[in-house]
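Chains as they are written, first to last, in our numbering: chain A, 1 to 207; chain B, 208 to 534. Glycine residues also receive a C-beta, built at the ideal position from the N, C-alpha and C atoms.
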Amino acid sequence: MKRLFRDRIALSKPFVFALGLLPLALLAWDALSDQLGTDPVAQLEHRSGDWALRLLLATLAITPLRRLTGRPEFVRYRRMLGLFAFFYACVHLTVYLVIDLGGYWSQLLTEIAKRPYMTVGFSAWLILVALAATSTRGMMRRLGGRWQRLHRLVYVAGVLACLHFLWLVKADHREPLIYLAMLTTLLLARGRWPRGVAARKTAAETS
Amino acid sequence: MLIRKPNSVRPSEITPEAVYRGRREWLKALGLGTVSLAAGCDSHAAAETAAPEPIPGNALTIAVRGKYTVDGPLTRYKDATHYNNYYEFGVDKGQPAQTSGRFHPHPWKVEVAGHAEVTGQIPLEDLLKPHPLEERIYRMRCVEGWSMVLPWVGVPLGDVLKRFKPTAAAKYVAFTTVNRPSEMPGLNTRILDWPYREGLRIDEAMHPLALLAVGLYGHELPNQNGAPLRLVVPWKYGFKGIKSITKIEFVESEPKTTWNLAASEEYGFYSNVNPGVDHPRWSQKTERRIAGDGFNLFGNRVPTLPFNGYADQVASLYAGMDLHRNF
Numbered sequence: 001m002k003r004l005f006r007d008r009i010a011l012s013k014p015f016v017f018a019l020g021l022l023p024l025a026l027l028a029w030d031a032l033s034d035q036l037g038t039d040p041v042a043q044l045e046h047r048s049g050d051w052a053l054r055l056l057l058a059t060l061a062i063t064p065l066r067r068l069t070g071r072p073e074f075v076r077y078r079r080m081l082g083l084f085a086f087f088y089a090c091v092h093l094t095v096y097l098v099i100d101l102g103g104y105w106s107q108l109l110t111e112i113a114k115r116p117y118m119t120v121g122f123s124a125w126l127i128l129v130a131l132a133a134t135s136t137r138g139m140m141r142r143l144g145g146r147w148q149r150l151h152r153l154v155y156v157a158g159v160l161a162c163l164h165f166l167w168l169v170k171a172d173h174r175e176p177l178i179y180l181a182m183l184t185t186l187l188l189a190r191g192r193w194p195r196g197v198a199a200r201k202t203a204a205e206t207s
Numbered sequence: 208m209l210i211r212k213p214n215s216v217r218p219s220e221i222t223p224e225a226v227y228r229g230r231r232e233w234l235k236a237l238g239l240g241t242v243s244l245a246a247g248c249d250s251h252a253a254a255e256t257a258a259p260e261p262i263p264g265n266a267l268t269i270a271v272r273g274k275y276t277v278d279g280p281l282t283r284y285k286d287a288t289h290y291n292n293y294y295e296f297g298v299d300k301g302q303p304a305q306t307s308g309r310f311h312p313h314p315w316k317v318e319v320a321g322h323a324e325v326t327g328q329i330p331l332e333d334l335l336k337p338h339p340l341e342e343r344i345y346r347m348r349c350v351e352g353w354s355m356v357l358p359w360v361g362v363p364l365g366d367v368l369k370r371f372k373p374t375a376a377a378k379y380v381a382f383t384t385v386n387r388p389s390e391m392p393g394l395n396t397r398i399l400d401w402p403y404r405e406g407l408r409i410d411e412a413m414h415p416l417a418l419l420a421v422g423l424y425g426h427e428l429p430n431q432n433g434a435p436l437r438l439v440v441p442w443k444y445g446f447k448g449i450k451s452i453t454k455i456e457f458v459e460s461e462p463k464t465t466w467n468l469a470a471s472e473e474y475g476f477y478s479n480v481n482p483g484v485d486h487p488r489w490s491q492k493t494e495r496r497i498a499g500d501g502f503n504l505f506g507n508r509v510p511t512l513p514f515n516g517y518a519d520q521v522a523s524l525y526a527g528m529d530l531h532r533n534f
């Protein structure tokens, strides 16, 4: 094994990759076995959107997790998680465009321009396109210091994705607010940490 | 998708529930799942609207059928009864079917109050007794952007209201849903300002299309669909169809309605189906039709029609009104 994978993280990556495809597999299975209920199109949209948001939050959780555990190597999962978030955002958008809107594409541009929830959702997707396109090692090298500045847009994408969810529900805001609270926590966790936690972190790093 | 003249659609054009079910099973057996096969299937339909056999609840004796029909297939019974916006039983559309089992729709009384000569507590049986039950197939358009085609059983609302002899001061009719937190778990969350309230202008309430429904698919209403008595106003968004009605009051001024109280800029008092007036957050130009065999990959979206296709019958009620302001 040592020869194939240079360490445990490298070894675990194929499993994480397979895990990332699992929601899609379950969705496909449910669709083909008629388990999506009364409004399958809405289910396809909701479930792909949920996973895009969850994986985006997972991506954003890497930095706090590194600080909390004192294990910087977790960063090596980040690109894969981010690309999976982008992947599910693409599934989400594709379901909307091809299946839901099917035949009424002329409605699309006015929808994106006129509906705030569509505007923010589509903007979040555009950000993810830019981030995915510049996620390669080569692009990192080419962009140099600008790469990190560009990729800070992921915070904006997170906020826009939560707003997209919040603005489309009719009355029950509990679920999107939970996501928004998680996002806020993850963003705040990037700030300066109280001394106690920082000390523990340092201890963990040196041990 | 215009409403046809009475009987212009033969009953044979509507696929009965049993045939849908059979076809679904057959598709499943073939492993085709959700893929819709051919549009021409419907020509094999038999005569009855609803097969009583697989449907729970007491079958109703229906005196009038076929007066109001809709082109195209009905929504499947399972979909109509397991995809419900009835927040008193939970906000998730699958919840009402699961959590409404403890609700007791019998015995039932309706309080009639306000500007009318006859008022008081009326047992449901007495309320319905003089009226022959009618089956009417109506489109139902939800404000969220989906729609169904449902075979209601009920009596014209106006015929019932006239028996109470509303006075000249009765300009509006206000309806209230029953408030039973012990039987309706959703009432413990403050998503909406309970109890649920709705209202109609008196001329809307007297319009022959407005239906007081007691049944669906030839049987008594399931709890999750608003048992034992609900309103069906097919030219308005679905939330105007208040469920489990416990009070009918004749009032002089426009009554407060629940969704209007929750978000007045999004849900107006009239809430007539109108593709020309979008919800502030989403379009109302088209709708996803939930009917027939279900998942038809590209064929579920249809244009939304003014007054949900009932413009010929009801548009005159709003002559001279600015429907953008009175949405």
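Beta carbon of residue i nearer than 8 Å to that of residue j
i	j	result
Glu45 (chain A)	Ser490 (chain B)	no
His414 (chain B)	Leu524 (chain B)	yes
Gly499 (chain B)	Pro280 (chain B)	yes
Val512 (chain B)	Pro487 (chain B)	Here the sequence assigns Leu to residue 512 (chain B), which means Val is not the residue at that position. Their beta carbons are not under 8 Å apart, which means Leu512 (chain B) does not touch Pro487 (chain B) by this criterion.
His322 (chain B)	Phe476 (chain B)	no
Gly393 (chain B)	Phe296 (chain B)	yes
Ala526 (chain B)	Phe514 (chain B)	no
Ile449 (chain B)	Glu405 (chain B)	yes
Leu438 (chain B)	Phe382 (chain B)	yes
Pro429 (chain B)	Thr288 (chain B)	yes
Glu341 (chain B)	Lys274 (chain B)	yes
Arg496 (chain B)	Val480 (chain B)	no
Glu73 (chain A)	Ile127 (chain A)	no
Ile452 (chain B)	Val325 (chain B)	no
Ala469 (chain B)	Asp400 (chain B)	yes
Tyr284 (chain B)	Ile262 (chain B)	yes
His164 (chain A)	Tyr117 (chain A)	yes
Bridge-paired residues (DSSP) for residue i
i	result
Arg404 (chain B)	B:Thr383
Met547 (chain B)	Residue 547 (chain B) is absent from the structure shown; chain B starts at 208 and stops at 534.
Pro510 (chain B)	B:Thr493
Gln328 (chain B)	B:Glu318
Tyr275 (chain B)	B:Arg343
His151 (chain A)	In DSSP, His151 (chain A) forms no bridge with anything.
Phe457 (chain B)	B:Gly321 and B:Val380
Leu438 (chain B)	B:Leu419
Gly361 (chain B)	B:Glu341 and B:Ala420
Asn515 (chain B)	Answer is none; Asn515 (chain B) lacks a bridge partner.
Glu427 (chain B)	B:Gly422
Residue i: contacting residues in chain A (beta-carbon distance under 8 Å)
i	result
Ala469 (chain B)	Ala171
Tyr290 (chain B)	Gly37, Thr38 and Asp39
Closest Cα partner of residue i within the set the options
i	options	result
Pro40 (chain A)	B:Ala266, B:Lys300 and B:Val277	B:Lys300
Tyr169 (chain A)	B:Tyr474, B:Pro373 and B:Glu351	Rather than Tyr, the amino acid found at residue 169 (chain A) in this sequence is Val. The candidate whose alpha carbon is nearest that of Val169 (chain A) is B:Glu351.
Leu187 (chain A)	A:Leu32, A:Ile178, A:Phe165 and A:Gly158	A:Gly158
Thr464 (chain B)	B:Tyr517, B:Arg387, B:Asn479 and B:Pro402	B:Pro402
Ser123 (chain A)	A:Arg54, A:Ala10, A:Tyr155 and A:Lys13	A:Tyr155
Pro441 (chain B)	B:Ala417, B:Gln431, B:Ser451 and B:Pro435	B:Ala417
Arg387 (chain B)	B:Glu411, B:His338, B:Val362 and B:Trp315	B:Trp315
Ala52 (chain A)	A:Cys162, A:Trp147 and A:Gln148	A:Cys162
Val298 (chain B)	B:Val484, B:Arg272, B:Arg397 and B:Leu436	B:Arg397
Gly445 (chain B)	B:Pro462, B:Glu459, B:Ser478 and B:Ile329	B:Ser478
Leu153 (chain A)	A:Leu56, A:Leu4, A:Ala113 and A:Gly102	A:Leu56
Thr276 (chain B)	B:His531, B:Pro337, B:Gly516 and B:Gly308	B:Gly516
Ala198 (chain B)	B:Thr282, B:Leu407 and B:Val362	In the structure as shown, chain B begins at 208 and stops at 534. Residue 198 (chain B) is therefore absent and cannot be evaluated.
Thr94 (chain A)	A:Arg115, A:Trp125 and A:Arg71	A:Trp125
Pro373 (chain B)	B:Arg408, B:Asp485 and B:Pro337	B:Arg408
Neighbour list for residue i in chain A, Cβ cutoff strictly below 9 Å
i	result
Gly301 (chain B)	Gly37 and Thr38
Partner residues on chain D for residue i, Cβ-Cβ distance less than 9 Å
i	result
Asp400 (chain B)	Reference to chain D is not applicable here, since the protein chains of this structure are A and B.
Within chain B, partners of residue i - CB distance below 9 Å
i	result
Leu168 (chain A)	Arg488 and Trp489
Proximal residues of chain B, C-beta to C-beta of residue i below 8 Å
i	result
Gly145 (chain A)	Within chain B, no residue comes near Gly145 (chain A); the closest Cβ sits about 40 Å away, beyond 8 Å.
Closer than 7 Å at the beta carbon, the chain A residues around residue i
i	result
Val356 (chain B)	None at all; the shortest Cβ gap to chain A is about 13 Å.
Can at least three beta-carbon pairs, one atom from the region 416 to 427 of chain B and one from the region 357 to 365 of chain B, be found at a separation below 8 Å?
Judged by pairs of C-beta atoms under 8 Å, the region 416 to 427 of chain B touches the region 357 to 365 of chain B, as three or more such pairs exist.
Any 3 or more C-beta pairs closer than 8 Å across the region 41 to 61 of chain A and the region 180 to 187 of chain A
Touching, per the Cβ criterion.
Does the region 476 to 492 of chain B touch the region 371 to 378 of chain B, meaning 3 or more C-beta pairs lie closer than 8 Å?
Put simply, the region 371 to 378 of chain B does not touch the region 476 to 492 of chain B. Fewer than three CB pairs are less than 8 Å apart.
Does the count of Cβ pairs from the region 83 to 93 of chain A and the region 126 to 133 of chain A closer than 8 Å reach three?
Between the region 83 to 93 of chain A and the region 126 to 133 of chain A there are three or more inter-stretch CB-CB distances shorter than 8 Å, so the stretches are counted as touching.
Does the region 288 to 295 of chain B come into contact with the region 328 to 347 of chain B, if we say contact requires no fewer than three beta-carbon pairs (one atom in each stretch) closer than 8 Å?
Flag = no, the region 288 to 295 of chain B and the region 328 to 347 of chain B do not touch.
Count the C-beta pairs between the region 6 to 24 of chain A and the region 67 to 84 of chain A that are closer than 8 Å, then say yes if the count reaches three, no if not.
Using a Cβ-Cβ distance cut-off of 8 Å, the region 6 to 24 of chain A and the region 67 to 84 of chain A are in contact, since at least three pairs of beta carbons, one from each stretch, lie closer than that value.
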